[in-house]
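So the structure is just underneath, and the comments pick up after that.
Number of protein chains: 4
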Amino acid sequence: MNNKIKIAIFGGSGYGGSELLRILLFHPNAEIVLVTANEHAGKAIGEVHKNLSGLTDLRFEKSPEDLSALEKTDVAFFALPHGQALKLVPQLPDSVKVVDLSGDFRINDAEVFQKFYRLEYTATDLQTKFVYGLTETNREAIKQAQYIANPGCFATATLLALAPMVKSGLLAGKIIVDAKTGSSGSGAKAAANTHHPQRMNSFYAYKPFAHQHVPEIEQHLREVGEFANDFVFMTHSLPVSRGIFASCYLETTVNLTGEDLKNLYELFYKDSFFVRVVDGSPDINWVKTTNFCDIAAHSNANKQIVIFSAIDNLVKGAAGQAVQNMNLMFGLDEKIGLIFSGSNP
Amino acid sequence: MNNKIKIAIFGGSGYGGSELLRILLFHPNAEIVLVTANEHAGKAIGEVHKNLSGLTDLRFEKSPEDLSALEKTDVAFFALPHGQALKLVPQLPDSVKVVDLSGDFRINDAEVFQKFYRLEYTATDLQTKFVYGLTETNREAIKQAQYIANPGCFATATLLALAPMVKSGLLAGKIIVDAKTGSSGSGAKAAANTHHPQRMNSFYAYKPFAHQHVPEIEQHLREVGEFANDFVFMTHSLPVSRGIFASCYLETTVNLTGEDLKNLYELFYKDSFFVRVVDGSPDINWVKTTNFCDIAAHSNANKQIVIFSAIDNLVKGAAGQAVQNMNLMFGLDEKIGLIFSGSNP
Amino acid sequence: MNNKIKIAIFGGSGYGGSELLRILLFHPNAEIVLVTANEHAGKAIGEVHKNLSGLTDLRFEKSPEDLSALEKTDVAFFALPHGQALKLVPQLPDSVKVVDLSGDFRINDAEVFQKFYRLEYTATDLQTKFVYGLTETNREAIKQAQYIANPGCFATATLLALAPMVKSGLLAGKIIVDAKTGSSGSGAKAAANTHHPQRMNSFYAYKPFAHQHVPEIEQHLREVGEFANDFVFMTHSLPVSRGIFASCYLETTVNLTGEDLKNLYELFYKDSFFVRVVDGSPDINWVKTTNFCDIAAHSNANKQIVIFSAIDNLVKGAAGQAVQNMNLMFGLDEKIGLIFSGSNP
Amino acid sequence: MNNKIKIAIFGGSGYGGSELLRILLFHPNAEIVLVTANEHAGKAIGEVHKNLSGLTDLRFEKSPEDLSALEKTDVAFFALPHGQALKLVPQLPDSVKVVDLSGDFRINDAEVFQKFYRLEYTATDLQTKFVYGLTETNREAIKQAQYIANPGCFATATLLALAPMVKSGLLAGKIIVDAKTGSSGSGAKAAANTHHPQRMNSFYAYKPFAHQHVPEIEQHLREVGEFANDFVFMTHSLPVSRGIFASCYLETTVNLTGEDLKNLYELFYKDSFFVRVVDGSPDINWVKTTNFCDIAAHSNANKQIVIFSAIDNLVKGAAGQAVQNMNLMFGLDEKIGLIFSGSNP
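Chains B, S, V and L, in that order, are what the protein sequence lines are. Under this note's numbering, think of the first position of the first sequence as 268, with each following residue one higher. Under this note's numbering, think of the first position of the second sequence as 268, with each following residue one higher. Under this note's numbering, think of the first position of the third sequence as 268, with each following residue one higher. Under this note's numbering, think of the first position of the fourth sequence as 268, with each following residue one higher.
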């Protein structure tokens, strides 16, 4: 008998699941009891995610037909395509905690959800039990939560950049966020937009004015402070595997120096190990494969502000933050299992 | 005896010079009579730019001590570090036309120049003879010009995106430009920020609120139309060799549909072969090694507009546009020697 | 009425077809009269190959049901998956010349063909009319040929490296070729092995001892000289879009200095514009997007030799050599339409 | 007071030092007491290696003038340019163990050393105390050693691929190794051959027949078994940051099937956690940032064998193996502090 957290991972073959495995296999308080991947059922995990070869004897399983039998599981992570957790979560025993990495439970407004995700919204009651899992702004609620809607990768980078300014009450006018992501954000399945011969020389924008992370960002900014500003959000694709970089443009009601901004951000994040306030600019190179979010803020003499933030889309933007939230839900230090450094080159 | 344009290239060893050579060696009306590169004087061009090996017998020479002896030269291109053309151009015979690829003659205001380039401004009289070489907006002046200040790479991508909107008179409020460049923009000399082991996984911002292309952009927008808007310009580094992508955020006084915008841009550029108005998003992959600028425009229901533009920083952003301007200065079709396609992968 | 060569391209949507279009659209003696791509029939070429947008009004067509109606076509290029030219070529009018970029007509021995391509060999009579299109070693035969089997990309790089040594008669012992290709060699369709998030950090071997280019290499080496040596050929995948690099290890019966080798290669290729004998090492960077093959040769004091060769797999390794062969078949200078330089960065 | 191993790192600013820090900061039995970097003395480590920002308060120091004062240090790692450890090691107190990551103490023969490293050999007596640190083949000697000459990166990949065959006694004829390395192998200082705009599209060979890892490979193969075969070793540069891939070509006296080879390698490495025998081909993507070496072996019907091996040049090829050796020298499990997985994308 041990006291480890018994974990089920639904959707272990994608990049989200791959990263959950990479982290949880080495987490001192975690024990993975189930990893599903229907198309790989029976295969060793190291056969699919060859980076994990030699490090675990776990095998993929089919998703169980009867989820009510999972009562010995302490927490279930869902790393499935949008729409699937919506169906599966209601089938779990009440005792099981949930961290969902999809967008299924991030939006409180059913109409908005249906507009952006083009899925019927079937879990209105359940939705009220979900806590939005941006750890640094929602820590106390996460500690009490049974169900966590883990933020989107773009939303994480953007919200961590904007939250201190929204909280400060000094914002004026509209906000423009120019966000860029690496190719791993498109998932583990080969597709035209991630075809190497072209992608390696590409940079382009996509979904102008229509990205599905917009409503969760606006919704959470309203939870963080007074927020009714116009908000323009634009997503672009980088020719790199990992990383999100957000450039956030805003105005303030008063002139703030670079020093003022640095103080404001350092104060806001003083208890947040995984947010590093940096000089100059963050660089996705320094956060790749880690749970860190690096942030820098600059101003000009005309009340114009830019906030840069950089994360690894699969770690702080997905699996790392999911584990950070799990730690809090189980009364652990949020850093456990997540203090691994990135590499220099 | 032939009727070809006799060309001198000052600064043939950098990437600007390398691209001038790549283009002019195959230009049917061009004859290169001098290429300088002090550190490579005497070497065959193909020894330094190995892509040109087998294609020319030209050799690098030292920069002549006495430029007044160049009276048989028709045009001199300067692809030297900032500050050098400022000293050399006044020494040329009056008969020699000039295309300067540096920033030395782009700024009409001496104070602004000295602030951004940190160089003393020594050519006030000469400056008035320089025409800003953004071909598509300044074609008639370029045809008459003796001296061309060839635009900066970021300025080219930004101005081609913004000019039609500024000209339209529909702009309201501030403009924000989030611009990204490939590593070749840093030049041919190895440096920490272009060190491959780190750069290949990097994306970062630099010179926030302080890039030296800002004044030339603002100055030329005032020439294009009524322009007094606030202007925020931010530069970032991409992990790719070639390409600039600018995302330009602005507002309009009236609601414009995507269709309206497309019409507006197509009309503005109807006689401009090298500007292609595209659907969705441009991609630097489709313009690499070419003189094309691809542009797309989108709006939302709230008068917010985004204009995306993509160019090759070394071609339309430097050597290609320089040759396009030379063509006009000598009464040729601007496309001559520049109709080469990029490659798909 | 003009005297241009009327050209049909079968298979215009893949990378081979894309490169044929990129070259032939600017070829002064070429007129493309048909480009097929069943899945894109009706679309403008620039809509699929966006690098060609603005440069042509051509549209893709379905492959004609009745090829015998193509009697006004002078030459047909086939850039289709293996097995299709085998069926289509016999349907063409006798007057049409053919350059096939697939492997269908490269192998003279039906059994060998069936073993490596796993296709039934149905064109035994036709096969005898095909000339192997390695331009530099087969120039005279190509000039007289009606049908050309254009060499494989790996075969081109390997044969150009080995031919001078085989011809010299100085070879001893076995030959080992360690060959590496960029991702564009896998074609234009997205697949697991070209998925950007993983490919950008990958290098791996594939098809050990079993690559289908082995028999065409051995067959042509026997045509070039006395060749009965053991031959080991190994293919690897590079995290770059374009380029093949072959490292060829062999022994000689006598000691040859680097100087001897250079002389031997320069003599062999003295009339071959597109082969450049270089010092040190070739680099795929210097041949990308060009029809050049760069070669270097080194030896040690123990009769061990290494020959390095670098080509662009899609140009000298496919479409460029195909056009070079077409030029010869129509009595033109082989360089026409192919003298474009690569780019430095 | 604690029982942790007190560690000094000489040369903390390069990539070798950076990786030692990344590993040792999280090693449960390690305490870093000194990290030198003369040009960064006084700076926080996280200021130079920004991946380590927030993870340590350590600062770089100048190299002490008097090394004899380091008697409280248990082990000193040297990650300095070739030639420097040669001078510093003799100055250390006798009680200090040493792991040298440079080539200074790898070669037993002074003449060979001077030929390949072009340095005077000044430590003949000391040399006899050094044990070659290829952990998997030299484990028992390493456990007893005071001084370790840590293998070169190419040597590690090559020796792990070849050792089982040499030990088997089945080798016939010459061995050819075609080895490829990522750009981080060139170190942390920017240089022409690692300039991103060109390197990202490059693949080339260097130092043909002359790489300095040749003598250490031959010397250690003679320690592993009967080895007097001809040996050709060729190094190439990959457009990727991390990774070495070696393709090793050899012959056997008898026919071995793929199955035979797999059994032979699995048996040889049955107690070696960090060597994974894989099917098909290893891929540098699966070993990046880890201490693993992945190996695959194939044969044809003609006694020709190819062995592929892949490592991370900075981990198993440098800092990781150095720590693995330190673990053994201090009686620890060799895996401690080194069981971290790489990432999938």
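Positions of the beta carbon are idealized from the N, C-alpha and C atoms, including for glycine. As the structure is a prediction and not an experimental result, all values here were calculated from the model.
Check: Nonlocal neighbours in the same chain, by C-beta distance under 7 Å from S/L531, ignoring five residues either side; Outcome: P431, S435
Check: B/G598 versus B/L401: straight-line alpha-carbon distance, rounded; Outcome: 17 Å
Check: Where the beta strand (DSSP E) through V/M501 begins and ends; Outcome: 498-504
Check: C-beta contact flag for B/V366 and B/L359 at 8 Å; Outcome: no
Check: S/C515 vs S/I574 beta-carbon contact at 8 Å; Outcome: yes
Check: Beta-carbon proximity check, B/S280 vs B/A311, cutoff 8 Å; Outcome: no
Check: Buried or exposed by the 16-neighbour rule on C-beta atoms within 10 Å, applied to S/A472; Outcome: buried
Check: Touch test, the stretch 503-512 of chain B against the stretch 389-407 of chain B, Cβ-Cβ under 8 Å, three pairs minimum; Outcome: no
Check: With 16 other Cβ atoms within 10 Å as the buried cut-off, status of L/R489; Outcome: exposed
Check: Neighbour list for V/S508 in chain B, Cβ cutoff strictly below 8 Å; Outcome: H463, P464, Q465, M467, N468
Check: In chain order, each alpha helix (DSSP H) run of at least 4 residues that lies wholly inside the stretch 535-596 of chain V; Outcome: 551-554, 587-596
Check: Cβ-based contacts, 8 Å cut-off: residues of the stretch 530-553 of chain V near chain L; Outcome: G547, S548, P549, D550, I551, N552
Check: Short CB-CB distance (under 8 Å) between S/S450 and chain L; Outcome: yes
Check: Local conformation of L/G440 per DSSP, three classes; Outcome: strand
Check: Sequence-distant residues of its chain with Cβ nearer than 7 Å to B/K271 (five each side left out); Outcome: N296, A297, E298
Check: Cutoff 8 Å: B/A585 Cβ touching any chain V Cβ; Outcome: no
Check: First and last residue of the uninterrupted beta strand (DSSP E) at S/S514; Outcome: 511-519
Check: Residue-chain proximity (S/A459, chain L), Cβ-Cβ < 8 Å; Outcome: yes
Check: Distance, S/D445 Cα to B/H565 Cα; Outcome: 14 Å
Check: Length of the line joining the Cα atoms of S/K382 and S/G452; Outcome: 22 Å
Check: Identity of the residue in V/L353, V/R326, V/E403, V/V300 nearest V/E533 by Cα; Outcome: V/E403
Check: C-alpha gap between L/E526 and L/S610, whole angstroms; Outcome: 29 Å
Check: Beta-carbon contacts of V/E485 that lie in its chain and below 8 Å, excluding the five residues immediately before and after; Outcome: F494, F498
Check: Closer than 7 Å at the beta carbon, the chain S residues around B/V573; Outcome: P475, M501
Check: B/H565: contacting residues in chain S (beta-carbon distance under 8 Å); Outcome: P475, F476
Check: Which of helix, strand or coil DSSP assigns to V/L359; Outcome: coil
Check: Closest Cα partner of V/F327 within the set V/G454, V/A477, V/G309; Outcome: V/G309
Check: Below-8 Å beta-carbon distance, S/H349 vs any chain V residue; Outcome: no
Check: One or two residues paired with V/H462 in a DSSP bridge; Outcome: B/H462
Check: Bridge-paired residues (DSSP) for V/I272; Outcome: V/A297
Check: Counted within 10 angstroms of its Cβ, other Cβ atoms place S/K483 as buried (16 or more) or exposed; Outcome: First, the residue type needs correcting, since residue 483 of chain S is Glu and not Lys in the sequence shown. With 16 or more other Cβ atoms within 10 Å, it is buried.
Check: Test item: CB-CB of B/T519 and B/L595 under 8 Å; Outcome: no
Check: Per-residue DSSP class, three states only, for L/I312; Outcome: helix
Check: Partner residues on chain B for S/F559, Cβ-Cβ distance less than 8 Å; Outcome: Within chain B, no residue comes near S/F559; the closest Cβ sits about 15 Å away, beyond 8 Å.
Check: Any chain V beta carbon closer than 8 Å to L/L505; Outcome: yes
Check: Closest residue to S/F421 among S/E332, S/I374, S/A513, S/L605 (Cα-Cα distance); Outcome: S/A513
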